[in-house]
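In our numbering, the protein residues as written are 1 to 411.
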Amino acid sequence: MAVFLFFSAWASAVEAAFFSLHNDDVERLRNSADEREKVAAILVIDPRLLLSVLTTCKYAMLLSAAVMSVSSLAYEQSRYTLFDVSAGTALLVLTILFALGGVILPKIYGSSRSIGIARANSKLCYRLILFLRPLLRPLLRASIAVEKKLDATKEQKSVEHLTKALQLATVDNEPIEGEKEILEGIVNFGTLTVRQVMKPRTEISYTDVSLDFHQLMEFVKRSGFSRVPVCRESLDSVQGFLYIKDLLPFLEEGRDFGWQRLLRPGYFVPETKKIDLLLKDFQEKRVHMALVVNHHGNTTGLITLEDIIEEIIGDFNDEFDEVGARFQKLSDGTFVFDGKTSLYEFCKVLHVDPSLFHRVKGINESLSGVLTEFNGTLPAVGDEIVISPFTFVIESVDHKRIKKVKVKRNG
Numbered sequence: 001m002a003v004f005l006f007f008s009a010w011a012s013a014v015e016a017a018f019f020s021l022h023n024d025d026v027e028r029l030r031n032s033a034d035e036r037e038k039v040a041a042i043l044v045i046d047p048r049l050l051l052s053v054l055t056t057c058k059y060a061m062l063l064s065a066a067v068m069s070v071s072s073l074a075y076e077q078s079r080y081t082l083f084d085v086s087a088g089t090a091l092l093v094l095t096i097l098f099a100l101g102g103v104i105l106p107k108i109y110g111s112s113r114s115i116g117i118a119r120a121n122s123k124l125c126y127r128l129i130l131f132l133r134p135l136l137r138p139l140l141r142a143s144i145a146v147e148k149k150l151d152a153t154k155e156q157k158s159v160e161h162l163t164k165a166l167q168l169a170t171v172d173n174e175p176i177e178g179e180k181e182i183l184e185g186i187v188n189f190g191t192l193t194v195r196q197v198m199k200p201r202t203e204i205s206y207t208d209v210s211l212d213f214h215q216l217m218e219f220v221k222r223s224g225f226s227r228v229p230v231c232r233e234s235l236d237s238v239q240g241f242l243y244i245k246d247l248l249p250f251l252e253e254g255r256d257f258g259w260q261r262l263l264r265p266g267y268f269v270p271e272t273k274k275i276d277l278l279l280k281d282f283q284e285k286r287v288h289m290a291l292v293v294n295h296h297g298n299t300t301g302l303i304t305l306e307d308i309i310e311e312i313i314g315d316f317n318d319e320f321d322e323v324g325a326r327f328q329k330l331s332d333g334t335f336v337f338d339g340k341t342s343l344y345e346f347c348k349v350l351h352v353d354p355s356l357f358h359r360v361k362g363i364n365e366s367l368s369g370v371l372t373e374f375n376g377t378l379p380a381v382g383d384e385i386v387i388s389p390f391t392f393v394i395e396s397v398d399h400k401r402i403k404k405v406k407v408k409r410n411g
């Protein structure tokens, strides 16, 4: 019984430790040189699987301890007729013991030493996840599906009510140009996730930490960005963000100047985070950019403050942007879209429900990715792809993606 109670206490303490970590703690763990801390940061990015494993272990141990205790009690009562402790009293004592020793006290301890416990147990938890994942994944998928369905229903009802209110409010009072679009952006703002808005990984401009100062300056001139991620070999090993303004005092430095000391800590967010919450984080942390990671800890995209604001007020261009670069409406009513266009933006322009593409898009969020996924391979120029109610005619491709596609509505 003591062994089962110990493992239940361990699971409770570790659960409390991981889920007591703040965003600043997670960033520090992710940027640490300690492999255990990096693993801990990966585990809390998408914590559902970790929570499932620890909860299963905890209650399995508590149940085993309870069964063993009751069996021992029944055995002792059968052996000794003078053993005069009522079953109710014994169960009450055991319940208090299990609650205190197996759950409450370990959680208090785990919360008070969250970073140390998370670091010490990260690799063990990772191995447990790998071992138990085949058993827990069906249950986890079912729970996620139910959760998404409930959340989607609530969000849809809220959006429908607000949209109807907006329509009623503008029936008699014609809004000025662009005003209604801004109000609609506000209505839909709380339903959008980072994944729907982010710039995909393939479009991120980044530099390598190994470049010398002259090579870095050449990259800065070519990129035209004011902030860039700095990586070691790939986007899955981000060392931090470089703010170009921090380089201004050092423009006359030589090739061997150690520009790497100017790096600022990277900010990482999960794909599933809602952009209204991310906007609050940007305000509190006074940052304008975040890298988006999946539940494996791999970088999948980048999102900026500008991306979030554009969801409210619509696209705006600075002096360096190409006007109308994403899509163009032709005289015959058809559209030509850039393959980089996000699926969300495409649906917004053509006034269709994004759920139309849920069964065919896979993990893709760009128009090019969705069409390639549906086609099974990268299509050639002139190919037609029909996803009712649209026909997509490929106009331009390169070696890895669709560059331009014409879209016409069927019927």
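Don't be surprised by glycine CBs; every beta carbon is placed ideally from N, CA and C.
The beta strand (DSSP E) that contains Gln239, what's its start and end? Ser234 to Tyr243
Separation of Asn410 from Ser388, as counted between CA atoms: 7 angstroms
Own chain, CB closer than 7 angstroms to Glu253, minus 5 neighbours either side, in chain order: Phe213
Exposure label - Phe18; buried when at least 16 CB within 10 Å: buried
Only counting the same chain, and skipping five residues up and downstream in sequence, which positions put a Cβ closer than 6 angstroms to that of Glu37? Leu29 and Arg119
Whose C-beta lies closer than 6 angstroms to the C-beta of Phe7 among residues of the same chain, with five residues either side of it excluded? Met61
What do you get for Ile117, buried or exposed, if any count of 16 or more other CB atoms within 10 angstroms of its CB means buried? buried
What are the boundary residues of the beta strand (DSSP E) that includes Pro270? Phe268 to Pro270
Three-state secondary structure assigned by DSSP to Thr304: strand
Looking at the structure shown, is Ile129 part of a helix, part of a strand, or coil, going by DSSP? helix
Helix, strand or coil for Val3 per DSSP? helix
Going by other Cβ atoms of all chains shown within 10 Å of its Cβ, with 16 needed for buried, is Gly369 buried or exposed? buried
Which listed residue (Val349, Leu343, Ala380 and Lys280) has its alpha carbon closest to that of Lys361: Leu343
State yes or no: is the C-beta of Gly240 within less than 8 angstroms of the C-beta of Gly266? yes
Of the residues Pro379, Ala9, Ile309 and Val381, the one placed nearest Ile108, counting alpha carbons only: Ala9
Check for me: the alpha helix (DSSP H) holding Ser20 runs from which residue to which? Unbroken run through Ser20: none, as it is neither H nor E.
Applying the 10 Å Cβ sphere with the 16-neighbour rule, what's the burial state of Ala13? buried
Let me know the secondary structure DSSP gives Thr391 once reduced to three states. strand
Does the beta-carbon of Pro138 have 16 or more other beta-carbons within 10 angstroms, so that it is buried, or is it exposed? exposed
Test item: CB-CB of Phe337 and Val405 under 8 angstroms: yes
Expressed to the nearest angstrom, what Euclidean distance is found between the alpha-carbon atoms of Asn31 and Val230? 13 angstroms
Taking the alpha helix (DSSP H) that Val370 belongs to, which residues open and close that run? Leu367 to Asn375
Ile402 lies in the beta strand (DSSP E); which residues open and close that run? Ile402 to Arg409
For Asp246, I'd like the list of residues in its chain whose CB is within less than 6 angstroms of its CB, leaving aside the five on either flank, ordered along the chain. Leu262
To the nearest whole angstrom, what separates the beta carbons of Pro379 and Val397, a pair I think is in contact under 8 angstroms? 7 angstroms
Inter-residue spacing [alpha-carbon to alpha-carbon] between Leu63 and Leu135: 19 angstroms
Tell me, to the nearest whole angstrom, how far the beta carbon of Met198 is from that of Ile303; I am working on the premise that it is less than 8 angstroms. 4 angstroms
Three-state secondary structure assigned by DSSP to Arg227: strand
How big is the Cα-Cα spacing for Leu128 and Val53? 7 angstroms
I believe Ser114 touches Val39 by the beta-carbon criterion, under 8 angstroms. Please report the beta-carbon distance rounded to the nearest angstrom. So it is not a contact: roughly 15 angstroms between Cβ atoms.
Counterpart residues of Arg119 in DSSP-defined beta bridges: None; Arg119 has no bridge partner.
Measuring CB to CB, does Val352 end up less than 8 angstroms from Phe327? no
Thinking C-beta only, is Val228 closer than 8 angstroms to Ser205? yes
Among the candidates Asp25, Thr341, Leu5 and Asp256, whose CA atom is the shortest distance from the CA of Leu100? Leu5
First through last residue of the beta strand (DSSP E) which encompasses Val292: Met289 to Val293
For Val491, count neighbouring C-beta atoms within 10 Å of its own C-beta (all shown protein chains included) and say buried if the count is 16 or more, exposed if not. One cannot answer for residue 491 here, as it falls past the ends of the chain, which runs 1 to 411.
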